[in-house]
Amino acid sequence: MSCMRINAMLLAALGALALLSLAVGPVPLSVGDIAQALLPAQGELSETLQRQRTIVTEIRLPRVLLAILVGASLGMAGAALQGLLRNPLAEPGLLGVSASASLGAVLCLYFGFAAINLWLLPAAAMSCAALATLVLYLVVRRGAGNLTLILAGIALSALAGALTSLAINLAPNPTDVQDIVLWLLGSLADRSFDDIRLVLPFVLAGLALLLSSGRQLDALTLGEDEAASLGVSLAHLRARVVLGTALCVGASVSVTGAIGFVGLVVPHLLRRAVGYHPARLLVASALGGALLLLAADVLLRLVSGGFELMLGVVTALIGAPFFLYLVLRQRLGEMT
Amino acid sequence: MTLLQADALTVRLGDALLVDAVSLELGRGELFGLIGPNGAGKSSLLRALAQLLPHQGHTRVDGAALDSLSPVARARRIAYLAQGDHTAWPLMVRDFVALGRLPYGREDAGERTAVEAALAHMHLEALATRRIDGLSGGERARTRLARALAVEAPLLLADEPVAALDPYHQLSVMELLRRQCALGRSIVVVLHDLTLASRFCDRVLLMHQGRAVACGAPRQVLTPAHLQQVYQVQAMHGEHDSEPYVLPWRCQPAAAHA
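Those sequence lines, one after another, are chains A and B. Positions in the first sequence are counted from 1; adding 946 to them yields our numbering. Positions in the second sequence are counted from 1; adding 507 to them yields our numbering.
In structure tokens:
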């Protein structure tokens, strides 16, 4: 199957799911209702129509768009990191990038910076994500193998997790604790267009950086020396992927909290279909990530009934067993 | 006519001197062997020639100083095949070979013909749509060579391309390299097999502890004295089909000889 066809299929599924996501909820809406709500208003609206319009444009649409944006970010960042590190186990979450981004955001919440300026929380999340990616990059540059890299990722995760726990531990009052914990669980609920406006530039810049690395990631299939002999500057490539990942993951984490395993699972599922091409995997994983996150969000709203399940919890509940399955299934030779 | 000219290449790693002022010159269509025991500095010299290692000394290809060229311009002049197989993902053979076209950018009019020619040279047409992880060791070695040929660079640097291959594939890869030279390409190849070196190479450079010990026609370089001094072995020298062979026969440490 050609790569274009796979992307087209993913895109079609994404469109259908987006529509479904706009339709389901406490107030079920038909496709006609949604179309009417999205189109410019014709004259005076009835109270029902006005209410439907509010539900679609102010509650559900931001949620759908954010799911797509964050899913695409996590999916592509995972694919790019796996390409750069030449390792199917690489993932922003597994390597401590997400945990570090969370730490940045939590520190912002803890010290109350988040209330001072809207931009401080995403900035802190992205800086910490960049710092973590930089550490990983230094580990890789010293010629460390995959095992060392994953150990370094675990160490980073543990450190960021411990500091996050410390912030919760020392939080002056219970509301702060609740704010931090709820935020950490990861969610797309109650997000507005303001949140989208906040992260869109960073996510787009990050995606563009990662996309521009495609051909070089392809060359890296051959190993570092042969890639360099083809004119690839490894230092530039690493810098682009590190920065792109930090922007994507940092920005995503800053609005939705920690959502794990999308970056690991999606490239895995699609790699074979795109012929193992690291470059082709980038776009496919972005679409696949958006699809997965949107699907998880719809599912969660369908099954959770009265109370809101947290999205990050659900993706980890699905992702972690899947990851275990991958580890068990993979032959030893492929892992190292 | 000279294609490659390297002057006093020196590679240091910390305090260790890996390559000590080695110079070499290579003509068009020449198959040039780099030989020497493990740790002699062959791979370091090759990587320095490919500009993959920080080094002192100058290299010119086709008259152009390599350090004055952009990485892409350099990549179009030198194809490099690393020692060992580091392939990360099991691409399809044709896609894998096409990676050699990276220096030509996205709008590469020559890609199709270059890839098909490289596949044909390495007798891989029938395997073009197979995945690389399903190939035998010999087929994989030929695929990696085809990737390097697809660069269409006048100079190919290959680090032990026949290591870990059975005798049939060792000979077939060497014959394929020979044929590339007949087509005008120049090749520097690192070899451990002295018979392959003496049979197929126009000239060889014998290295020992980072230095060039001797350079010239295989018969002049692979002498009993050199083999004893550098490899510490005694070898059988002979001729078959009027071509020379060298068969290492027994260890002969320097002390025992003295």
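Glycine is no exception: its CB is placed at the ideal position from the N, C-alpha and C atoms.
Within the segment 1198-1249 of chain A, the runs of alpha helix (DSSP H) at least 4 residues long that lie entirely inside it are, in chain order, 1208-1217. Inter-segment contact for the segment 1251-1271 of chain A and the segment 525-533 of chain B is absent: fewer than three beta-carbon pairs are separated by less than 8 Å. Residue contact check for V604 (chain B) against chain A: no CB pair falls below 7 Å.
When beta bridges are read from the DSSP output, H747 (chain B) appears opposite B:E750.
Between L538 (chain B) and D709 (chain B), the C-beta gap is smaller than 7 Å, which places the two residues in contact. Closest option to G1169 (chain A), judged by alpha-carbon separation, among B:D592, B:L631 and B:Q759: B:D592. At a cut-off of 7 Å between beta carbons, H562 (chain B) makes no contact with chain A. Within the segment 1018-1062 of chain A, complete alpha helix (DSSP H) segments of at least 4 residues are found at 1043-1056 and 1059-1062, given in chain order. In the structure shown, L560 (chain B) falls within a coil segment according to DSSP collapsed to helix, strand and coil.
In chain order, D1171, A1174 and S1175 make up the part of chain A whose C-beta sits under 9 Å from the C-beta of A557 (chain B).
In chain order, R1161, Q1162, D1164, A1165, A1173, L1176, G1177 and V1178 make up the part of chain A whose C-beta sits under 9 Å from the C-beta of L609 (chain B). When 9 Å is used as the limit between beta carbons, P1224 (chain A) is near these residues of chain B: A595 and W596, in chain order. In the pairwise beta carbon analysis, the segment 1097-1115 of chain A is classified as not touching the segment 1219-1237 of chain A: fewer than three pairs are separated by under 8 Å. Nearest to C1054 (chain A) by alpha-carbon distance, out of A:L1020, A:M1022, A:T1110 and A:L1134, is A:T1110.
Pairing L541 (chain B) with Q558 (chain B) gives a Cβ-Cβ distance that is not under 7 Å. For T1003 (chain A), the secondary structure class from DSSP, reduced to helix, strand or coil, is helix. Between V579 (chain B) and P610 (chain B), the gap from beta carbon to beta carbon is short of 7 Å. Residues of the same chain with a CB within less than 8 Å of the CB of L965 (chain A), apart from the 5 flanking positions on each side, are V977 and I980 in chain order.
Y738 (chain B) is outside the set of residues whose beta carbon lies under 7 Å from a beta carbon in chain A. The alpha-carbon of S1138 (chain A) is positioned some 55 Å away from that of L656 (chain B). Contact between the segment 663-678 of chain B and the segment 601-619 of chain B is absent: fewer than 3 CB-CB pairs across the two stretches fall below 8 Å. Taking 8 Å as the upper bound for CB-CB distance, L1146 (chain A) and L963 (chain A) are not in contact here, some 21 Å apart.
A1047 (chain A) has its alpha-carbon roughly 13 Å from the corresponding atom of A1108 (chain A). For the C-beta of A582 (chain B), the chain A residues within less than 8 Å are, from N- to C-terminus, S1175, L1176 and G1177. The C-beta distance from L1193 (chain A) to G1152 (chain A) rounds to 3 Å, short enough to fall under 8 Å.
Under the three-state reduction of DSSP, Q741 (chain B) is assigned to strand. With a threshold of 16 other beta carbon atoms within 10 Å, A1078 (chain A) meets it and is buried. Between M599 (chain B) and chain A, the shortest Cβ-Cβ separation is below 7 Å. In this structure M950 (chain A) is exposed. Its beta-carbon is surrounded by fewer than 16 other beta-carbon atoms within 10 angstroms. If you draw a 10 Å sphere on the C-beta of F1269 (chain A), you find 16 or more other C-beta atoms in it, and that means buried. Using a Cβ-Cβ cut-off of 7 Å, R1032 (chain A) is close to A595 of chain B, given in chain order.
Assignment of beta strand (DSSP E) within the segment 646-725 of chain B, counting only whole runs of 3 or more residues, yields 662-666, 693-697, 710-715 and 718-723 in chain order. Restricting attention to alpha helix (DSSP H) runs no shorter than 4 residues, the segment 1133-1190 of chain A encloses them at 1139-1157, 1160-1166 and 1170-1175, ordered along the chain. Contact of G1221 (chain A) with chain B by beta-carbon distance below 8 Å involves L598, M599 and D602. DSSP, reduced to helix, strand and coil, places M950 (chain A) within a helical segment of the structure shown. Under DSSP, G540 (chain B) shares a beta bridge with B:V696 and B:V711.
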